[in-house]
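> Below you will find the structure I want to go over with you.
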Ligand code: AMP
Ligand code: GLY
C-alpha cells in the first residue's frame, strides 16, 4: 500500500518501523520526518499542518492511506480535507480532535457520556480561579484550555504557583482548575472507526523530567508496556465505561471519532478516572506499544479509517515487555539547547533487542553530522523477557550515546523490574 505518515517525532519513527516490520512491501513516505526516519523511508518536504498541501500531495502521489501522527494537523483539519477527497485517513476531523484540543470540549463530552473524570471548574477570571483552588484544596491542578505542547498543566502544592500559572494562561484564554487525582497513571490506546473500538496494550508514561517524578512536566521522558500490576478486567472496564460511551457521544453529535483514542487515566481509590483524552498516539508510549504488536498495524489502522473494525478480533501482542527511555537536550523543557552533535547511535543499536526512534534529529548539511533540533532528541527502545532485562539493555545502549548536556531519567520501569 502507498502510505503517507505525517509527523516528525519518535512516535512517527515507531509507526514507520511497525509498518516496515510487516514486510508487506508498503511504499512509505513520511512528512516531514527526521534524520532517522529518512534512513528508513522516503521523506517529503511538506507542511503536515496544511490541509490543502497534504491533500494535493496525496492526490499527486496516488497515496492510498494517510496516517496522522501529531495533534496539530488534526486540529488544523488535515483529516477533513483528505476525507472530502475520498482519501482514507487514520485520524479524526477537526471537530472530534477537539477532544484533545479543548479541555472544555472534552469535559462536556465526558459529562454528556457519563464518563468518570475528576471535578473541574472552567474559570474565566482570577476570582473564579481562586475560588476553585480553595474549594478543591492542595495539591492544586491548573490547566490551560487549548493545546500547550505539554506545558499547560501545573500540579503543585503551592497556592501562589497555581495562581501565577493560572494568571499566565488566562491571558491566552480560559483555564481549568481540577480536583487532584491520586493514583497510578495508565495510558490506554484504542483504535476507533467512529463506532467500534479495539484496545492496544496499556502503557505507563513518565511525565516529569526528573527521577522520582520530580521536576517540571514534559512531553514524556520514558515508558513501559505492558503493566503487570493492572487488575484483571481493567481494559474491558475502560472500553465499556469510557471509550465506547465517548465514541458514541461523538457519533451522536455528528463528529465521529476515527483514529486513535488515547485515554489518559488515573486509578484512584474510588475507581478509574480520565485525566485527559488525546486524539492521537502518545509519545513515548507508542514506542513501547507498537514493537510488541503482532497484528499488522496497517491493516488495523486502515480498517479503522474505512469503518471496518466491527467483528475484528482484538489486536495481538507479543509476551515480550518493552521499555523506552527518552534522551532530551540540555535545558529541556524550558529552552532546549539545540544544534549539538549526537553520536554513538550505531553502537547503541548493536545492543541486543534495542532500536532507536529518532525525534529531534537532522543531518547538518555542512558537516554531515547528526545534530539535535529540539527538546526530545530520541527514544531508546529495548525489548526483553523481563523488565529487568529490557531496562538493562536500554541503559546499556544509552551509555553508548553522547550528547553534550543530554539528560535522561534512570528510573524508567524500575518500579516493575
Ligand atoms: P495532562 O496534560 O492533562 O495529561 O496532564 C499532565 C500530567 O499532569 C498528567 O499526566 C498527570 O500526571 C498530571 N495531572 C493532570 N491532571 C491531574 C489531576 N487532576 N490530578 C493529578 N494529576 C494530574
Ligand atoms: N506521552 C503523553 C502524550 O503523548 O500526550
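In the working numbering, the protein residues as written are 26 to 442.
Using N, Cα and C, we set each Cβ at its ideal position, and we do this for glycine too.
As the structure is a prediction and not an experimental result, all values here were calculated from the model.
For residue 137, which residues from the same chain have a beta carbon less than 8 Å from its beta carbon, with the 5 sequence-adjacent residues on both sides left out?
274
> Three-state secondary structure (DSSP) at residue 441?
helix
> What is the DSSP secondary structure of residue 412, reduced to helix, strand or coil?
Helix at residue 412.
> Within 10 Å of its beta-carbon, does residue 377 have 16 or more other beta-carbons around it, so buried, or fewer, so exposed?
exposed
> Do residue 116 and residue 36 have their C-beta atoms within less than 8 Å of each other?
Between residue 116 and residue 36, the C-beta gap is not smaller than 8 Å, which leaves the two residues out of contact.
> Assuming residue 350 and residue 434 are in contact, meaning their beta carbons sit under 8 Å apart, how far apart are those beta carbons, in whole angstroms?
7 Å
> Give, in chain order, every unbroken run of the beta strand (DSSP E) that is at least 3 residues long and sits entirely within the region 64-98.
90-93
> Among residues of its own chain, excluding the 5 on either side of residue 217, which ones have a beta-carbon nearer than 7 Å to its beta-carbon?
Counting only Cβ-Cβ distances below 7 Å, and skipping sequence neighbours, we find 272, 282, 283, 284, 286, 329.
> Could you check which residue in 143, 402, 301 has the C-alpha nearest to that of residue 21?
With the chain running from 26 to 442 in the structure shown, residue 21 is simply not present.
> Evaluate residue 410 with the Cβ neighbour count: other Cβ atoms within 10 Å of its Cβ, from every protein chain shown; 16 or more gives buried, anything less gives exposed.
exposed
> Does residue 183 pass the burial test, meaning 16 or more other C-beta atoms within 10 Å, or should it be called exposed?
Exposed is the label assigned to residue 183, since fewer than 16 other Cβ atoms lie within 10 Å of its Cβ.
> Using only the heavy atoms of the ligand AMP, determine whether one of them is closer than 7 Å to the beta carbon of residue 285.
no
> Tell me the start and end of each unbroken alpha helix (DSSP H) in the region 164-219 that is at least 4 residues and wholly inside, in chain order.
184-195
> Is the Cβ-Cβ distance between residue 301 and residue 320 less than 8 Å?
no
> Using 7 Å as the cut-off, classify the Cβ of residue 90 as near or not near the heavy atoms of the ligand AMP, replying yes or no.
Distances taken from the Cβ of residue 90 to the heavy atoms of the ligand AMP include none shorter than 7 Å.
> Drop a sphere of 10 angstroms on the beta-carbon of residue 135, count the other beta-carbons inside from all chains shown, and report buried for 16 or more, exposed for fewer.
buried
> Give me the residue from 416, 180, 198, 190 with the minimum Cα distance to residue 128.
198
> DSSP beta-bridge partners for residue 374?
The partner list for residue 374 (beta bridge, DSSP) is empty, contrary to what the question assumes.
> Per DSSP, which residues does residue 427 bridge with? Please list them.
368
> Buried or exposed for residue 194, please, with buried defined as at least 16 other CB atoms from any protein chain shown within 10 angstroms of its CB.
buried
> For residue 155, collect the residues of the same chain with a Cβ closer than 7 Å to its Cβ; drop the 5 residues on either side in sequence, then sort them by chain order.
188
> At which residues does the beta strand (DSSP E) containing residue 292 begin and terminate?
283-293
> Consult DSSP for residue 43 and reduce its assignment to one of helix, strand or coil.
helix
> Nearest to residue 118 by alpha carbon, out of 132, 130, 48, 103?
103
> Considering only C-alpha positions, which residue in the set 324, 297, 53 is nearest to residue 258?
297
> Count the other C-beta atoms from every protein chain shown that fall within 10 angstroms of the C-beta of residue 292, then say buried if there are 16 or more, exposed otherwise.
buried
> Could you tell me the distance, in whole angstroms, from the CA atom of residue 332 to the CA atom of residue 219?
7 Å
> Give the DSSP-derived three-state secondary structure of residue 420 in the structure shown.
Under the three-state reduction of DSSP output, residue 420 falls in the helix class.
> Within the chosen definition, does the region 73-88 reach the region 351-370 through at least 3 CB pairs nearer than 8 Å?
no
> Helix, strand or coil for residue 62 per DSSP?
helix
> Taking 8 Å as the cut-off, does the region 386-398 touch the region 235-244 (at least 3 CB pairs, one atom from each stretch)?
Proximity of the region 235-244 to the region 386-398 falls short of the contact definition, fewer than three beta-carbon pairs being nearer than 8 Å.
> Just reading off the beta strand (DSSP E) that residue 327 is part of, what are its end residues?
No beta strand (DSSP E) holds residue 327; the alpha helix (DSSP H) holding it covers 322-330.
> Taking residue 422 and residue 379 to be in contact with their CB atoms under 8 Å, please state how far apart those CB atoms are, rounded to whole angstroms.
4 Å
> Given residue 82, which residues of its chain have a CB within under 6 Å of its CB, disregarding the five upstream and five downstream residues?
71
> Let me check you understand the geometry: is the CB of residue 310 closer than 7 Å to at least one non-hydrogen atom of the ligand GLY?
yes
> Are residue 98 and residue 45 touching if we call contact CB-CB under 8 Å?
no
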